[in-house]
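The numbers in UniProt numbering rise by one with no breaks, and the one at position 490 of the sequence shown is 490. Below you'll find the structure, written out as structure tokens, and then a few comments.
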Amino acid sequence: MAQSIAFGIAGKVLEKLGNVAYEGICSVWGVRKEFAKLKDTLAAIRAVVLDAEQQQARTQELSLWLQRFKDACYDVEDLIDEFEIEAFRRQVLERGSTKRKVRHFFSGSNPLAFRFRMGYKIKKANEMLNEIAASMAKFRLTQKHETNVIHCERETYSFVKTSSVIGRDEAKQDLVNILMNPTDEKDIPVLPIVGIGGIGKTTLAQLVFNEESVKSHFELRIWVCVTEDFDIKQLMIKIIKSATGMNCKDMNKEELHKVLQDCLNGKRFFMVLDDVWNDDNKKWRELKDLLCGGAQGSRIIVTTRSLDVATITGTIPRYDLEHLSDENCLSLFLKLAFIEGEEKQHDNLVKIGEGIVKKCKGVALAVKTLGSLLRSTRVQHEWEVVRDSELVKLKQKENDILPALKLNASQLPNNLGCLQSLFLFDEEGKADSESLIAEVISRSKHLRVLDLASCSLEQLPNNISYFKRLRYLSLAYDGNIKRLPNSICNLQSLETLDLVGCRGLEELPKDIRYLISLRSLRVTTKQTRLQENGISCLTSLRRLIFSECENLEKLFEDIQNLTALRELYIHERHNLVSLPQGLKYLIALELLVIWNCEKLDLTMEELELEREEGGSLRKLAVRGVPKLESLPQWILLGSIKTLQHLYISNLNNLWTLPTWFQHFTSLQNLYIINCPKLSCLSEGMQHLTALKRLTIAGCPKLNKRCIEETGEDLA
């Protein structure tokens, strides 16, 4: 998420356009030329998006241009999804798993109608992207590569400045002695170095790697930073590159194996595999077997946080790296926080520093991070804030990396001004520090992603609005938070706000209508009613989810103002008794999910059902609504030409499908599950010519009738 959001969205769409399923779609539907245009235009715009993201603050017009591009990307993604769903349906039909039962009720499909409809959508998507591409010239944007963006992926190398390392001389000598110790093992001895994130495993391995006695003892030294996916081919390429300098990325595995064997054959080598996460013994054995060509006396060191990894890889007892002593921590901290000798002029700050390093509990990375952070200030109060906040209250588990601040020294600058993403956790996988957030706010106005999911925060600081560029904010499943500061509504760049699972939240901010860029909102609240002129003013909103709102009796009546809303979810333990009438006027709504609402009554006979088309609903799922006796005509009537997927389940009182059901000529998937009173389908079902899949289960009366009339069991 630290990268440009628009850049990432476009990349995802381009990836879809290049996968295997896309090739099949092009062949079946004859849209290769149209999709090629989409792909080329999308790639051309994406090339300048990174520059646009960085410059958008200078002009509202550029910001709106970016928003149009993101909307277009979402539209193209939806279009691809439609083709993939259709392709899947065709496969199911061809396999014949449901063909016999479906054919009894209905006639064939209409692929020409689908091709015509989708051709029109592709044409519109191309026109939109062409307009966006044509208008980008006036902004004078330049191409920038993804490397210009902050990344969180960690990469290490063998170099270390030994004079900068404090407190590891004894550990280094222990490891050197182990490496030099003769052994009768035929297999290459593997020594795991185990310790929590940030304690200094990589630094210790670097010290050993560069020790003079090690250099002279081994003919070949190899350093490999291991990626989390433990890709064998990539590891072979890295090993060869480290050993010989050769770039073999274009070789296949067989070629790589030959080069690797030539490289290691007969040589006593020392290899460091740094930061290993793989606990798949099969993958490890595959790599180990590839390294068997070395001479007697070869050695491998593996650094890892995981005891499981150490058990799988190690052939000799693991080395458990101890925490740094308080004395060594302070020496390291002062070395980073001050210019050499400067600390003598700041006895007050040194005293505060002693308190800071004690809370770091011997974790070298924490000491380095905080020392580097404080190097830029000599203001006593700022040092005291760090000392007294829970920023440095650290307790780590096996796979944690600085639970209070999930960053590492290579990504955290001396000043937090460049920080774009922050994810917070405490020792239980949560964060409980308002002071930590307040401190980050005071230092980083460029933050774009703030993820506090599953935290135990009781409140957000009032100056949360300082994050002018914040795009994503999650407080999901925070059971303690009761209120949100109204200043959150000043986050006019916010696109996603996730409050689902916040069961203690008493009400939404009264000025929520000012979140003008919000596209996705997930809500759990204790409110009984939602205010008018609140959520309904969020005209950019595309997804709205109400979950576990146990007290909620009514939504806002002016819901029809959400003209961009595509997805609406209402599920789990609601007290809703009705839905707003304006729901049927949501002109962009494509997905509606109503799930487990025991008191909800969807019948509205008094409404004037004047609108027979013009709706956009494509998917409807209704489950666990016991008062429902027939499908809600007032919701469905406007979408008779667009509805493609219908899922109804656990409707204990549904007894029939309405006669007007036959008019859903675009319906492709129909699922009817656990509707015990349903005894018949609608007359005229043969008119559902687009239907590809029919699933009926848990409907005993309907099943009985089917047996009586056709001799076939729906089960």
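Quick reminder that beta carbons are idealized off the backbone N, C-alpha and C, glycines included. On a predicted model such as this, the values are computed, not experimentally measured, just so you know.
Query, Result
"7 Å CB neighbourhood of ASN596 in its chain, flanking five on each side removed", "HIS571, GLU572, ARG573, ARG623, GLY624"
"HIS687, DSSP secondary structure in three states", "helix"
"Rounded Cβ spacing between ARG378 and LEU349 (contact assumed at less than 8 Å)", "7 Å"
"Residue environment, PRO317, which counts as buried when at least 16 other CB atoms sit within 10 Å", "exposed"
"Beta-carbon separation (whole angstroms), LEU583 vs LYS619, contact threshold 8 Å", "At roughly 15 Å, the Cβ-Cβ gap does not stay under 8 Å, so LEU583 and LYS619 are not in contact."
"Cβ neighbour criterion (16 or more within 10 Å) applied to THR710", "exposed"
"Segment contact flag, the stretch 154-173 with the stretch 54-73, C-beta cutoff 8 Å, min 3 pairs", "no"
"Three-state secondary structure assigned by DSSP to PRO700", "helix"
"SER97 burial status per 10 Å Cβ neighbour count (16 or more: buried)", "Residue confidence is low: SER97 scores 42 on pLDDT, short of 50, so the model does not pin down where it sits. Its coordinate-derived value is still stated next. Answer is exposed; the Cβ neighbour count stays below 16."
"Same chain, Cβ closer than 7 Å to PRO700, neighbours up to 5 away in sequence not counted", "PRO676"
"Buried versus exposed call for LEU64 [16 or more other C-beta atoms within 10 Å across all chains shown]", "exposed"
"Integer Cβ distance of residue 718 from LEU505, believed to fall under 8 Å", "In the structure as shown, the chain starts at 1 and stops at 715, and residue 718 therefore has no counterpart that could be examined."
"First through last residue of the alpha helix (DSSP H) which encompasses LEU332", "326-337"
"Three CB pairs or more closer than 8 Å across the stretch 272-286 and the stretch 300-314", "yes"
"Three-state secondary structure (DSSP) of LYS619", "strand"
"Candidates HIS645, CYS680, MET246, ALA697, of which the one nearest LEU691 by Cα", "HIS645"
"8 Å Cβ cutoff met for VAL357 and LEU330", "yes"
"First through last residue of the beta strand (DSSP E) which encompasses GLU384", "GLU384 -> not in any beta strand (DSSP E); alpha helix (DSSP H) instead, spanning 380-388."
"Rounded separation between GLU340 and TYR319 - CA only", "33 Å"
"Three-state secondary structure assigned by DSSP to TRP277", "coil"
"Per-residue burial, ALA364 [other beta carbons within 10 Å of its own, 16 or more giving buried]", "buried"
"Top-ranked residue by Cα proximity to GLU683, from THR656, SER536, LYS241, GLU34", "THR656"
"Within 8 Å, strictly: CB atoms of TYR671 and ILE648", "yes"
"Coil, strand or helix - LYS358 by DSSP", "helix"
"Cβ-based neighbour list, LEU374, same chain, cut-off 7 Å, excluding 5 preceding and 5 following", "ALA337, TRP383, VAL386"
"Supposed close pair LEU264, GLY297 - CB separation, criterion 8 Å", "Contact flag wrong, Cβ pair sits at about 13 Å."
"Whole-angstrom C-beta distance between ALA205 and ILE222, which should lie under 8 Å", "With 8 Å as the limit, ILE222 and ALA205 do not qualify as a contact, their Cβ atoms being about 12 Å apart."
"Start and end residues, alpha helix (DSSP H) containing HIS217", "212-217"
"For TRP223: DSSP bridge partner residues", "VAL272"
"Helix, strand or coil at TYR157 [DSSP, three-state]", "coil"
"Beta-carbon spacing of PHE664, LEU643 below 8 Å", "yes"
"ASN669 classed as buried or exposed, judged by whether at least 16 other C-beta atoms fall within 10 angstroms", "buried"
"Cα-Cα separation between LEU518 and ARG32, rounded to whole angstroms", "35 Å"
"Bridge partner(s) assigned by DSSP for LEU521", "LEU497, LEU544"
"Bridge partners - PRO192, DSSP secondary structure assignment", "VAL302"
"Beta-carbon spacing of SER493, ARG469 below 8 Å", "yes"
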